[in-house]
Amino acid sequence: MTEKYNVLIVDDHPLIIDSLVRMFDNEEDFRVVGTAESSRDGLKILKRNDPVAIIIFDFRIPDMNGYDFVREALALGYTGKLVLLTMMDDQLILNKMIKTGVNRIIAKSKSMDDILLEIKEVAHHGKTVASPDNQGVGKRILLTDNEKMILTRIGQGHHTSLIATELGISPRTVKYRLTEIFNKLGASNRAQAIALAIKEGIIVL
């Protein structure tokens, strides 16, 4: 029988959580046992009896930074794997996170396939990587004002039809422009496009 790795996801962006949950839905050896949009809610889930093998979390969550979150989790007796999924590229902070016991730091700008591959490596081997892959950082990406607005509204959770009404265009045109945005950013889905745009300073949520 395939070993199941129970996963807890802690991120203040619902789109990131949704993308990760859907990613794990197709994997027999992973089970998402909890999601939280705040660090404290994540810690509450850890206090339950359900064992958690892997915690995937972001560093910048409003109620608690990633460093304090890890310390609190370890204080609760957590002994599983820790995966920091982030857009942050401050090497001093990343090195500090490694010292707290984080097993892997993954850039949110990576494709979901690459993210899953790295999480699988952590689950099976626990290999530590000191920093996310920052390849492509600094490359200038140009989006039109309408494209920025569309991506911002998507990031805020607005439906395609609502965005179309706001811009005075058809929902089909919104979807077409989303495809163009993906191509410009080199993204494969909405969550990755938003993460890349935030990282490059193109949009702010």
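Note that our numbering numbers the sequence shown so that position 95 is 953, with each residue one more than the last. Backbone N, C-alpha and C fix where the C-beta goes; we use that ideal spot for every residue, glycine too.
- LYS957 sits exposed, since fewer than 16 C-beta atoms from the chains shown fall within 10 Å of its C-beta.
- When only Cα atoms are considered, ASP1003 and ILE1060 end up about 10 angstroms apart.
- Secondary structure of PHE882 (DSSP, three-state): helix.
- By DSSP's assignment, TYR863 forms a beta bridge with PHE888.
- Secondary structure at PHE915: strand, using DSSP grouped into helix, strand and coil.
- Contact check for ILE1008 against ILE1052 fails: the beta carbons are separated by 8 angstroms or more.
- Following the DSSP letters along the chain, one finds ALA1022 inside the alpha helix (DSSP H) bounded by residues 1018-1025.
- Beyond the five residues adjoining it in sequence on each side, LEU1054 comes within less than 7 angstroms, by CB distance, of SER967, LEU1043, ALA1045 in the same chain, given in chain order.
- When C-beta atoms of the stretch 895-903 are compared with those of the stretch 911-930, three or more pairs fall below 8 angstroms, so the two segments count as touching.
- For LYS1006, DSSP assigns no beta-bridge partner whatsoever.
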